[in-house]
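Numbering-wise, the sequence shown is residues 2 to 220 according to my numbering. Please read the structure below before turning to the comments.
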Amino acid sequence: NICIASDLETELLDEIYTYLYLVARKSGAHIDPLHKHLLRRRTVVVTENPKLHLVRHYRTIYVKPLPDYLLNHQVWQDHGSRLQVTHKRYDKRRASLGFLRSYSLLIRHESDFIIAHKSNLLPRHVSFYRFQKFIRPFRSILDEDVSHRYHFGQSRLTRLNWAVRIIRVVQVVFPFTFNNYRFPVSHKDENWQIAEYIQKYAAPLVFVFGTLSLILSSM
C-alpha cells in the first residue's frame, strides 16, 4: 500500500479538483495515443512523479512508466479490495484504476505499444497481445470509479502552474480553505532546462539590451 501511495497518488491535483475545469478539459478520455503525440512532434519524457503524468509542456509530454506490479493479477486479487483509505480524494484503488485507464487510452494500437517500449514505459516481458487483453477492460471504467485527478486527461503545465499560483494567493487571503493543505509555489517549475530558458528569454533580452545600448550611445 505504501508503494502504491507513493507511485500513483496525485494529492495536489486532487486537492484543486474543484477548479481544474478552469484550466483543463474535464474528460478522462482526453488522452491522445502515443503515436499522435509523435505526429504532433511532441517528445515523450519519462517521469516517476505521478503528478506530472500526462502533463504537456510545449513539445514535451510527461508519462509515468507503468509499474510491473499493476500488471499482476495476483496483486489485484490479494490487495485490490484493501487499497482503500478514509479520505475520498486519496483512494489508492481509484488512483490505480485511473492510472490504468489512462494507459488503456495511451496505448490503443501496436504502434503505440512499440513507442511505449522504446520509451521504457512498459516492462520488457509484456507482449502486445497480453497487454491488450489485460488493459482493454479498463477503457470502460467510469469516472466515479477513479480518483478525481483522472476525471481529467492530459493538461498543460503552464495552465496548471497558473491555477496553483492563484489558489495559493486565495489560501493566503482565506487561510482556512483547502483543508489547510500547504500549496507549493507552482505545479512544476517550467524553466528547469537551461536550453528552454534561453530559448524563451534570449530574444527579448537581446532586443532590450540592444535598445538600451543605442540609447546610451546616442547620449
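Note that beta-carbon positions come from the ideal geometry of N, C-alpha and C, so glycine has one too. Quantities reported herein were computed from a predicted structural model and do not represent experimental measurements.
As assigned by DSSP and simplified to three states, the class of serine 105: It is helical.
Can you name the residues that DSSP bridges to proline 63? Position check: residue 63 holds tyrosine in this sequence, whereas proline was assumed. According to DSSP, tyrosine 63 bridges with Val46 and Val56.
Using the rule of at least 16 other Cβ atoms within 10 Å of the residue's Cβ for burial, across every protein chain shown, is asparagine 73 buried or exposed? exposed
Check each candidate in Gly154, Lys119 and Leu123 and name the one with the smallest Cα separation from glycine 29. Selected option, being the one with the closest Cα: Gly154.
Round the Cβ separation of proline 66 and valine 47 to the nearest angstrom and send it over; I've been treating them as touching at under 8 Å. 6 Å
May I ask you to report which of helix, strand or coil DSSP gives leucine 21? helix
Taking 8 Å as the limit between beta carbons, can you name the residues of its chain near threonine 87, skipping five residues before and five after? Bear in mind that the predicted position of threonine 87 carries a pLDDT of just 44, short of 50, making it unreliable; the figure below should be weighed with that in mind. Around threonine 87: no qualifying Cβ.
Any idea what DSSP makes of arginine 95, helix, strand or coil? helix
Please name the residue in Arg166, Ser156, Trp163 and Ile167 whose C-alpha comes closest to that of alanine 25. Ser156
Alpha carbon to alpha carbon, how far is aspartate 146 from alanine 96? Give it in angstroms, no decimals. 9 Å
Quick test of the definition: if touching needs 3 or more C-beta pairs under 8 Å, does the stretch 128-141 touch the stretch 101-109? yes
Lysine 27 - containing alpha helix (DSSP H), residue span: Neither: lysine 27 is in no alpha helix (DSSP H) and is coded neither H nor E.
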